[in-house]
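For reference, the structure discussed in these notes is given below.
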Ligand code: SF4
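Numbering (the working numbering), first residue to last: 104 to 305.
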């Protein structure tokens, strides 16, 4: 098993980040507040970014290779088995950094570490898998694992329905940006914990 990290190239200009797509799915209005109006970052966002940077540096120290995902896929498809951490992915117009990916000759497993299971997390992992289809993998499994004890919370074999779901979400995302109208998601439970609740309802 080869352990690798990827170099950080950053988001290509026209790509949608998987985080933005997941935020948009949860509530288009919240996505607007967070991204388009440039609201202040929350502590959760800052802590999330710090945790990613820390993890990346730790994995970089330990990794045997620092290679692009494309090269890692080539190695896997020629018979190697690889495990990558904090790996940058760009495909099908989607960009993100995966917590972990395991690459085998004919299968890939995408693993996302989360404090708990949420729709937002599921969308993120399905969006990573949609991007990974561009690299030639037909069999992709997505998995969400609880950070504190590595207990699997959710697992799914990525299928055509999932790909169409993410593609149609992308199309809705573009159409919403073009129209400039960001509907609210009427979900009291969600609104209660929304950092933009006061602006949205005030
Ligand atoms: S308060 Fe509710 S509707 Fe408004 S942005 Fe937040 S989640 Fe969306």
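Ideal placement from N, C-alpha and C gives every residue a C-beta, glycine not left out. Keep in mind that this is a model prediction, so the values were computed, not measured.
| Query | Result |
| --- | --- |
| Which term fits residue 109, buried or exposed, when burial requires 16 or more other beta carbons within 10 angstroms of its beta carbon? | buried |
| According to DSSP, is residue 196 part of a helix, a strand, or is it coil? | coil |
| Near residue 117, what residues of its chain come up, given a Cβ to Cβ distance below 8 Å and the 5 sequence neighbours on each side ignored? | 196 |
| Identify whether residue 161 lies in helix, strand or coil by the three-state DSSP scheme. | helix |
| Could you tell me whether any non-hydrogen atom of the ligand SF4 is closer than 8 Å to the CB of residue 287? | yes |
| Can you find the residues in the same chain that come closer than 6 Å, C-beta to C-beta, to residue 163, ignoring five residues on each side of it along the sequence? | 108 |
| Mind checking whether residue 105 and residue 175 have CB atoms under 9 Å apart? | yes |
| What do you reckon, are the CB atoms on residue 233 and residue 187 nearer than 9 Å? | no |
| Since residue 297 and residue 133 are thought to touch, with beta carbons under 8 Å apart, how far apart are those beta carbons, to the nearest angstrom? | 6 Å |
| Report buried or exposed for residue 302, applying the criterion of at least 16 other Cβ atoms within 10 angstroms of its Cβ. | exposed |
| Do you know offhand how far residue 159's Cα is from residue 191's? | 11 Å |
| Return the residue from the list 283, 275 and 288 that minimises the CA-CA distance to residue 119. | 275 |
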